[in-house]
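Residue numbers (the numbering used here): 1 to 938.
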């Protein structure tokens with residue numbers, strides 16, 4: 001009974017009035033499936049609780065031709081002997097109860113047709129009314145009639161007669177009527193609503209929010225916005241249709257995730273299908289032909305296209321359209337559109353496969369003639385059977401190129417697979433294979449490898465041979481087949497294109513040295529690319545930051561280093577990443593954004609995704625955690641456990657894991673790694689080092705200290721051995737590793753690790769890694785010496801962007817000051833760290849700062865002013881229920897969300913209110929929370 005409070009209130013009010021002797025009528029109007037019957041059942045339950053006598057009936061098309069059918073239903077189970085006994089106790093003149101059997105004879109009908117039938121009919125109506133009136137003398141009477149649009153004429157006259165005499169009787173009549181039913185009794189029913197004692201209410205469809213709640217309640221998990229949109233469009237908020245759709249989803253094992261959307265859009269629950277098909281069957285055959293054409297054209301059903309697809313002439317088509325509109329199947333206006341999205345699917349699914357294919361081919365031809373976009377034409381062609389049509393192959397290949405330029409490799413794959421299936425005598429199969437392998441690579445499909453291997457064997461003599469070779473090298477590397485990849489890219493270096501040699505040069509630096517030595521040495525092509533590689537080489541060797549920055553800046557000095565072919569780590573991306581390692585984050589971000597803009601304009605999806613993954617790291621390092629998380633998720637949009645893993649995947653996954661850890665969601669990070677197959681043994685390659693570090697840090701945060709430390713140590717050793725060390729790794733793992741060692745009872749090992757990384761960071765000279773090393777070692781040392789080190793770390797970060805590390809350093813400085821007895825100075829640093837952590841969204845660090853503030857003598861107090869960061873409506877709803885003592889599971893059931901969502905909202909609420917326990921919620925919610933010095937207590 002979602003969103004039916006107004007109607008329930010009206011029924012309760014009407015029942016109460018009837019109980020007090022003020023009778024009336026309520027007409028509930030709505031489309032089929034909107035909950036009219038449920039409302040009548042609710043009214044019956046309410047009436048039973050108030051000792052009403054309840055008579056109920058239901059109209060039907062089968063019984064509509066029988067006289068008094070509904071009245072007979074109302075009284076056939078009525079214990080009239082009780083009414084007789086009640087009447088005998090009163091001196092009341094009543095019509096004979098023998099009138100009821102008369103209703104079962106044919107005379108009740110024929111009397112109305114005779115000359116004196118009018119008087120006889122009036123007497124019959126008066127007699128039935130008397131029965132109702134007298135029955136209500138003992139207890140209030142409720143008459144319920146469902147599907148009243150199919151009521152017979154005589155019963156409708158009785159209801160009209162009764163309603164005009166209800167005002168001073170304990171009788172309530174409730175009718176449920178389906179909208180749009182043009183039945184003979186419609187005028188009689190509408191006349192009833194004109195009575196002063198009548199009330200009409202129309203049931204609206206469920207809102208999107210109500211649909212979301214219903215889906216969450218039935219499927220037991222949060223709903224993806226795309227799933228919500230699909231369910232709402234299919235059912236238009238109709239509760240019955242939504243229930244059937246959810247039953248079908250449960251039966252098929254579909255979850256409310258993005259991956260289920262294509263399957264949900266194809267569902268047509270049986271009752272929806274039957275109802276809509278019965279409506280179409282009542283129309284002329286030409287109407288169904290036109291409906292099929294509209295279903296196939298789907299959004300492009302202009303009259304000229306409908307005529308081409310349906311084969312109807314103009315007069316037949318417009319006449320059929322009129323019939324469909326009269327039956328409420330089509331909306332007004334052009335192009336032709338079904339009034340409900342589900343109607344299109346019902347019509348489409350009942351077409352034979354042969355008819356559908358032919359209609360789609362005619363649609364494609366008609367749309368192309370009219371100058372439609374090539375993708376719109378291709379969408380019809382992929383729904384046809386292959387027919388050996390060269391025109392179809394040309395259109396599909398052109399559409400695939402457009403899809404790649406638009407960043408949609410999945411659409412390109414659909415088009416090219418269909419093109420490949422066309423049985424042409426002279427089809428350009430090698431070129432199609434190359435295009436298809438390229439699209440599958442960019443969608444991270446494992447099938448790309450075999451496709452490109454096959455294409456390479458057939459296109460060596462073509463101009464696209466170098467592009468196929470480069471794509472094959474990337475695909476093999478994404479499958480962790482590094483030796484094969486480097487062999488493909490390194491063979492015949494003299495005749496290889498610049499793009500192949502550049503890719504081979506990059507790959508040779510990303511794989512283990514023992515594999516690199518087995519193939520022909522690769523020469524870096526071009527002076528500008530050489531500068532970028534020189535900067536990266538200088539970084540890996542640990543040369544001073546000034547020299548590395550100078551080399552990276554020189555590589556970018558002449559603008560974006562664009563490439564002719566789509567590849568992964570381009571010279572521009574390498575130079576920008578190296579610049580970011582030197583703390584020139586703003587210049588690195590500008591270079592990456594320009595590189596992405598140019599690459600996107602050329603449809604270079606690998607280049608864009610790799611640059612996006614590097615930009616996500618810059619966003620994280622500059623404290624924009626939410627934006628960094630969203631950017632990483634965009635890069636990982638195609639990823640699953642079986643997907644290829646090009647360089648962008650481990651780089652973006654590492655950023656996402658760090659963001660989830662810092663925002664207090666380590667369990668979500670672990671679930672992501674498991675879902676994408678990134679939990680097992682990682683390949684030994686440079687691009688997987690950041691992910692290995694992130695996984696080690698995650699294990700530590702999940703209290704798996706041994707596993708986390710082991711992974712980080714192994715990763716450090718591998719990076720040192722292969723020359724893959726990078727300065728910002730210190731920021732990623734040092735603090736958590738040292739804490740884990742201390743908590744594991746190994747303070748000496750913790751000191752050795754912190755001191756070693758401090759020496760390495762001093763040798764490089766960049767501010768951020770050096771500040772992290774100073775802070776970590778200072779916290780470990782403690783005392784005056786530790787304070788000096790942490791203060792130095794704080795000074796180093798002055799002038800750099802706000803970030804998690806800056807907030808962490810402020811909190812560490814406050815903690816060291818507190819332990820040194822400088823409580824007032826500690827509170828200032830801790831409060832500044834708390835505010836910065838709150839600003840960047842680092843909820844775990846914010847909670848740590850609040851705990852330190854309490855230890856430093858600050859306390860939460862009530863204030864009349866608003867909190868600096870107010871609770872969101874969702875957080876407030878959860879918090880209010882938690883404060884009343886409800887468990888997380890009870891809150892989840894009440895709000896139709898998951899327990900995990902409740903836990904997340906509570907953790908956010910605790911951080912914002914500055915509390916640590918559930919028992920503190922009640923007091924905290926009575927006013928905003930702020931931090932006040934204990935020295936200011938009145």
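All C-beta atoms in this analysis are idealised placements derived from N, C-alpha and C, irrespective of residue type, glycine included.
- The three-state reading of DSSP puts residue 58 in strand, counting E and B together.
- When DSSP states are grouped into helix, strand and coil, residue 583 belongs to the coil group.
- The bridge partners DSSP lists for residue 145 are 57 and 175.
- Contact check for residue 595 and residue 580: beta-carbon distance about 13 Å, past the 8 Å limit, so the pair fails to qualify.
- Exclusion of the five residues before and after residue 694 leaves 654, 657 and 658 as the residues of its chain whose Cβ lies within less than 6 Å of its Cβ.
- Secondary structure note for residue 200: it is in no alpha helix (DSSP H), and the uninterrupted beta strand (DSSP E) holding it is 198-202.
- The straight-line gap separating the alpha-carbon atoms of residue 608 and residue 316 is approximately 52 Å.
- A distance below 8 Å between beta-carbons, with the five flanking residues on each side excluded, links residue 675 to the following residues of its chain, in chain order: 640 and 641.
- Residue 329 sits in coil when the DSSP states are folded into three classes, being neither helix nor strand.
- Where residue 29 is concerned, the enclosing beta strand (DSSP E) starts and stops at 24-30.
- Here the C-alpha atom of residue 40 lies approximately 22 Å from the C-alpha atom of residue 154.
- Here the alpha carbon of residue 362 sits roughly 7 Å from the alpha carbon of residue 308.
- By the C-beta density criterion, residue 168 is exposed, having fewer than 16 other C-beta atoms within 10 angstroms.
- In the structure shown, residue 52 falls within a coil segment according to DSSP collapsed to helix, strand and coil.
- A check of alpha carbon separations from residue 52 across 142, 24 and 119 identifies 142 as the nearest.
- Taking a contact as a CB-CB distance under 8 Å, the pair residue 473 and residue 441 does not count as one, their CB atoms being some 10 Å apart.
- The count of Cβ pairs closer than 8 Å, one atom from the segment 278-288 and one from the segment 313-331, reaches three, so the stretches are in contact.
- One alpha carbon belongs to residue 327, the other to residue 195, and they sit about 30 Å apart.
- Between the C-alpha atoms of residue 626 and residue 219 there is a straight-line separation of about 28 Å.
- Using a 10 angstroms sphere on the CB of residue 257, the tally of other CB atoms stays under 16, which defines it as exposed.
- Non-local C-beta neighbours of residue 264 in its own chain, meaning closer than 6 Å and more than five positions away in sequence, comprise 230, ordered along the chain.
- Per DSSP, the continuous alpha helix (DSSP H) segment holding residue 232 begins and ends at 225-235.
- When the beta-carbon positions are compared, residue 4 and residue 35 come within less than 8 Å of each other.
- Residue 20 and residue 165 have their C-alpha atoms some 16 Å from each other.
- Residue 843 has its alpha-carbon roughly 14 Å from the corresponding atom of residue 871.
- Annotation for residue 246: 218 place their beta carbon closer than 6 Å to its own, counting only its chain and skipping 5 residues before and after.
- Between residue 147 and residue 58 a beta carbon distance of about 5 Å is seen, short of the 8 Å cut, so the two are scored as contacting.
- In this structure, the alpha-carbon of residue 129 lies about 8 Å from that of residue 158.
- Boundaries of the alpha helix (DSSP H) harbouring residue 781: 767-781, taken from the DSSP string.
- Looking at 879, 212, 501 and 179, the one whose alpha-carbon comes closest to that of residue 920 is 879.
- Between the C-alpha atoms of residue 444 and residue 742 there is a straight-line separation of about 41 Å.
- Remark: C-beta atoms of residue 272 and residue 342 approach each other more closely than 8 Å.
- Secondary structure of residue 705 (DSSP, three-state): helix.
- Taking a contact as a CB-CB distance under 8 Å, the pair residue 535 and residue 552 counts as one, their CB atoms being some 4 Å apart.
- With contacts defined by Cβ atoms closer than 8 Å, residue 439 and residue 398 do not form a contacting pair.
- Taking a 10 Å sphere around the C-beta of residue 274, we find fewer than 16 other C-beta atoms and assign the residue as exposed.
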